[in-house]
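The structure appears below as structure tokens.
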Amino acid sequence: MSTTPSAAGVGAGPTRRGAPPAPVRAARTAVFVVFALNGIAFATWASRLPTTRDDLGLSQAQLGLLLLCIAVGSVTALPTAGPLAARIGTTRLVRLATVLGLGGLAWASFAASALHSVPLTVVGMVFMGVGIGAWDVGMNLEGALVEQHLGRAIMPAFHAGFSGGTVLSAGVGALMAWGGVPVWVHAAGVVVVSLALLWWSSGRFLPEDGPAPGAAGAEHAASAAQGTTADPAVTAGEPGRLSALGAWREPRTLLIGVLVLSAAFTEGTANDWMAIALVDGYGASAAVGAVGFAVFLAAMTAARLAGQWALDRWGRVPVLRATTGLGATGALLVVFGEWLPLALVGAVLWGAGAALGFPVGISAAADDPRSAAVRVSVVTTIGYTAFLAGPPLLGFLGQHVGVLDALLVVALVAVPSLLVSRVARPAAGPQPAGHERRDAAAGTA
6 MSTTPSAAGV GAGPTRRGAP PAPVRAARTA VFVVFALNGI AFATWASRLP
56 TTRDDLGLSQ AQLGLLLLCI AVGSVTALPT AGPLAARIGT TRLVRLATVL
106 GLGGLAWASF AASALHSVPL TVVGMVFMGV GIGAWDVGMN LEGALVEQHL
156 GRAIMPAFHA GFSGGTVLSA GVGALMAWGG VPVWVHAAGV VVVSLALLWW
206 SSGRFLPEDG PAPGAAGAEH AASAAQGTTA DPAVTAGEPG RLSALGAWRE
256 PRTLLIGVLV LSAAFTEGTA NDWMAIALVD GYGASAAVGA VGFAVFLAAM
306 TAARLAGQWA LDRWGRVPVL RATTGLGATG ALLVVFGEWL PLALVGAVLW
356 GAGAALGFPV GISAAADDPR SAAVRVSVVT TIGYTAFLAG PPLLGFLGQH
406 VGVLDALLVV ALVAVPSLLV SRVARPAAGP QPAGHERRDA AAGTA
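Take 6 as the starting number for the sequence shown in my numbering and just add one per residue.
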């Protein structure tokens, strides 16, 4: 992608032109809605996990293995989502991904609650994982582009849209569980409404203009005439753009991936196990477990909204270090609280602490707009491996030591995040004003 000199865009996709303020504002709203719909879809499944477990008659370890199916689908899709966005654009990518993801949600819910079939549920969950993974890459690419056009930190607000969607969806899930509504009926309503809103919103993404036919081939021929070989991932007029493989060899990109991995594991573990931990560890009802999950998500949403202000004031690195410690403290309170209200306080701290690692990591990966798509694809692949695969594996540990004690792993994964947090310091590329100065003053040069 290329942009006008005054407005940087996200690279490695169809050429994007500098957009006037009105389209940028429309795209900002559209991206927020798409993030929220992603959260609604995910929490529709997560909030009903206790009921789904009972419908299928699964143990903790078997539920963990079932959840791994989503991870398999997403981790398969994530490495190719960035290059696919480069070929078909983020609008088409997001639309294709949501059809797969929401279709998988509808099928998995029906197979579990109406058919009570584990194999058919597995099929739906794999498609759900493929769709959610590609959907995530597409919306983050569009969000990074909008952030760069606006010239200020707004990615946490988009992720707050995701969290807000999960809060709303978890609340609905609690009501559905309390009313005894079958999971498939609940999911069907969510899918129909979400698809309609998604199609409307994605049509308001920033305009895309594909590269001229043959442009890449012409550049390659010109390079050959000069005795050089052009990187096939580089399009005309965009020297310096990385190939997909090259992004996997960059130390900074991989370290950002470690940062996002830690944050994603912290968030994903709560998404999958918070409700069950409260039900099994504290004797709460399924409805109260869903409420505890909603408390976690509400705290995350509030922290992401406040995170815009904090990042603009203090910079990425100090804010990441503070929130990482907060998340570890909250997880410890959930494990050792021994009193449900205290565990809910821990859920609040856990949610606030898990709020910023993922969005800040995405912004850091997109610092250089020329290669943002491939770098974001790498970082999201690493992060989603933890987000989706880590919590199911934690289920196997919970089978032997109990769910609450297994959650101690959350505090342990905060350590690598603290060790590599300085890598989030803004690199080359257009940034919200003042970030480089603030992070340098924090001793992160």
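Ideal placement from N, C-alpha and C gives every residue a C-beta, glycine not left out. Source: prediction; values computed, not measured.
Per DSSP, the unbroken alpha helix (DSSP H) holding PHE298 starts and ends at 291-319. Closest in C-alpha terms to VAL104, from the list ALA119, GLY138, PRO256, LEU73, comes GLY138. For LEU70, the secondary structure class from DSSP, reduced to helix, strand or coil, is helix. Under the three-pair Cβ rule at 8 Å, the stretch 130-149 does not count as touching the stretch 336-354. Under the DSSP assignment, HIS121 falls outside any alpha helix (DSSP H); it carries neither an H nor an E label. Here ARG157 is not near ASP372, since their CB atoms are 8 Å or more apart.
With a threshold of 16 other beta carbon atoms within 10 Å, ASP59 falls short and is exposed. Taken atom to atom, the span from the alpha-carbon of TRP183 to that of ALA295 is near 10 Å. Restricted to the stretch 116-177, the alpha helix (DSSP H) segments that are unbroken, complete and at least 4 residues in length are 123-155, listed in chain order. The C-alpha of ARG53 lies about 7 Å from the C-alpha of VAL188. Contact between TRP50 and LEU110 holds, with the beta-carbon distance rounding to 6 Å and staying under 8 Å.
Shown here, VAL186 sits in coil according to DSSP, grouped into three states, outside any helix or strand. Counting along the chain, the unbroken alpha helix (DSSP H) around PRO421 starts and ends at 419-425.
Under the rule that a run must span 4 or more residues, the alpha helix (DSSP H) segments found entirely inside the stretch 383-415 read 395-406, 408-411.
A distance below 8 Å separates the beta carbons of GLY332 and TRP355.
When DSSP states are grouped into helix, strand and coil, LEU107 belongs to the helix group. Of the candidates LEU399, THR95, ALA391, LEU399 places its Cα closest to the Cα of GLN67.
The criterion of a C-beta distance shorter than 8 Å is not satisfied by PHE301 and ALA269.
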